[in-house]
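Reviewing the structure listed below.
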Amino acid sequence: MIITDISSCVLPDGDALARDLPGSVEELGEDFVAKYDSKTLFYDVFYYRDGPLKKVIAIGPTLRKTLRVFLKSAEITIDGLPVQMIETSPNKRFCQLEFEVPTTTPKVLSIRHEQFNADIPINLPSLRDFAGTRAITTLSKNNRLNWIED
């Protein structure tokens with residue numbers, strides 16, 4: 216069995232900064248709203264390399280309006296160097312952000328904003344670990360990341 220650490224980013228509880236609900240409380244119901252994960256910004260941040268293609272990818276829940284505006288107005292750097300954020304989500308179930316890689320081996324994705332600051336370690340590529348195996352990646356809807364363990 217291969218265990219891979221994730222490099223997540225969760226917004227602080229009690230802070231006004233949060234992911235928007237996908238509808239109104241009336242439409243969704245109070246039980247859904249109570250279980251809704253409004254604080255996860257990224258599930259994982261990792262370095263992707265395929266030949267000359269090199270980028271850092273951040274995967275998380277859909278941004279919706281509040282967090283999209285937040286990230287677009289934040290200063291985002293990799294190892295202290297400014298980077299451009301490109302949203303490349305293939306569907307509405309999750310968000311994938313890509314950043315150009317300004318260093319040989321990126322180590323930290325930093326977000327600076329008056330509402331929230333974070334330094335997120337960048338995981339190194341692990342695709343070789345799974346070469347020749349049958350592997351699956353899944354998402355678990357509206358569960359906080361701290362429950363995940365082997």
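With the numbering used here as the guide, the letters of the sequence shown map in order to residues 216 to 365.
The beta-carbon is built from N, C-alpha and C at its ideal position, and this holds for glycine as well.
Bear in mind that the values here come from a model prediction, so they are computed numbers and not experimental data.
Tell me the DSSP bridge mates of residue i?
| i | result |
| --- | --- |
| K270 | Y263 and E315 |
| P297 | T292 |
| G275 | C310 |
| E302 | L312 |
At the level of alpha carbons, what is the spacing between residue i and residue j?
| i | j | result |
| --- | --- | --- |
| T320 | T281 | 31 Å |
| I291 | R343 | 28 Å |
| F261 | D246 | 33 Å |
| A333 | T348 | 34 Å |
| Q299 | E241 | 38 Å |
| Q330 | L232 | 7 Å |
| D365 | L339 | The pLDDT assigned to D365 is 45, lower than 50, so where the model puts this residue is not dependable; a value taken from the coordinates is nonetheless given after this. Approximately 20 Å between the Cα atoms of the pair. |
| P237 | I272 | 24 Å |
| E315 | I293 | 9 Å |
| K270 | Y263 | 5 Å |
| L278 | T318 | 27 Å |
| L243 | G266 | 45 Å |
| I337 | S325 | 10 Å |
| L312 | K287 | 11 Å |
| P297 | S341 | 25 Å |
| K394 | G295 | As shown, the chain starts at 216 and ends at 365. That puts residue 394 outside it, with no answer to give. |
Locate the alpha helix (DSSP H) running through residue i, then write down its first and last residues.
| i | result |
| --- | --- |
| D246 | E245 to K250 |
Sorry if obvious, but does the Cβ on residue i come closer than 7 Å to a heavy atom of the ligand ATP?
| i | result |
| --- | --- |
| L296 | This structure simply doesn't include the ligand ATP, nor any ligand for that matter. |
Which residue comes first and which comes last in the beta strand (DSSP E) that contains residue i?
| i | result |
| --- | --- |
| L256 | T255 to F257 |
| S325 | V323 to R327 |
| P227 | From DSSP, P227 is part of no beta strand (DSSP E); its letter is neither H nor E. |
| D334 | N332 to P336 |
Am I right that residue i and residue j are in contact with their C-beta atoms under 8 Å? What's the rounded C-beta distance?
| i | j | result |
| --- | --- | --- |
| C310 | P276 | 6 Å |
| R234 | A289 | Actually they are not in contact, since the Cβ atoms of R234 and A289 sit about 15 Å apart, beyond 8 Å. |
| D228 | K254 | 7 Å |
Quick one: any contact between the stretch 248-265 and the stretch 224-235, if contact means 3 or more CB pairs under 8 Å? Contact between the stretch 248-265 and the stretch 224-235 is present: 3 or more CB-CB pairs across the two stretches fall below 8 Å.
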